[in-house]
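Undergrad: Structure incoming, see below.
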Amino acid sequence: MKSAYNKLLNKDKIQLAFAPWSLILANYILPVNRALAVQGYLSTMEDDFKSLVISFLKEQLTETEFMTSFIKLWNESRDSGALSGSDPVVTRILDRIFTSCDAFELNPEPPFEIGAIEFKAEVKDMAYLAWGL
């Protein structure tokens, strides 16, 4: 098995580098480090969050549009485990933005709800902590 792996690796280095880990496992049954294989997906998922936050801070999205999109993306990343290997600080910051989305109301009444001004300020503060925005 190991010699077959080395032969394939030497022959098809470039193809293996760009192949998804599931394809490699399914076709070659190779011992692949899954953490390395999903690294690109992790950064893509974090980039999706960052792009969404930037769009909101540039006022390209309303509070409601941002909240809906962020919660959907957060749920997808949670269910897939995509952010489990990423920077724990960024993950905690994304969790905090999620909590702010949950507490946001256009017309806040109870003390635990926040309005548009507080919501945008919270997202801006978290974006600064996560990415220096």
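Heads up: the sequence shown begins at 765 in the numbering used here, then just goes up one per residue. Positions of the beta carbon are idealized from the N, C-alpha and C atoms, including for glycine.
1) Look up Leu-787 in the DSSP assignment and say whether it is helix, strand or coil.
2) Taking Cβ positions, are Ala-880 and Glu-823 nearer each other than 8 Å?
3) Under 7 Å Cβ to Cβ from Arg-856, same chain only, skipping five residues before and after it: list those, please.
4) Can you look up Phe-862 in the DSSP assignment and give me helix, strand or coil?
5) Can you check which of these residues, Gly-896, Pro-875 and Ile-818, is closest to Lys-884 by C-alpha distance?
6) Any idea what DSSP makes of Phe-868, helix, strand or coil?
7) Hey, is the region 829–847 in contact with the region 861–871, meaning 3+ C-beta pairs nearer than 8 Å?
8) Mind checking Leu-816: buried by the 16 CB within 10 Å criterion, or exposed?
9) Can you give the Cα-Cα distance for Asn-871 and Thr-808, rounded to whole angstroms?
10) Just checking my contact of Val-854 with Glu-810 at CB under 8 Å: how many whole Å lie between their CB atoms?
11) Can you give me the Cβ contacts of Ala-894 inside the same chain, cut-off strictly under 7 Å, excluding the 5 residues immediately before and after it?
12) Am I right that Met-890 and Arg-860 are in contact with their C-beta atoms under 8 Å? What's the rounded C-beta distance?
TA: On the basis of the supplied data:
1) Residue placement at Leu-787 is flagged as unreliable, the pLDDT there being 47, under the threshold of 50; the coordinate-derived value follows with that caveat. Here Leu-787 sits in helix by DSSP.
2) no
3) none
4) helix
5) Ile-818
6) strand
7) yes
8) buried
9) 34 Å
10) 6 Å
11) Val-854 and Ile-857
12) 6 Å
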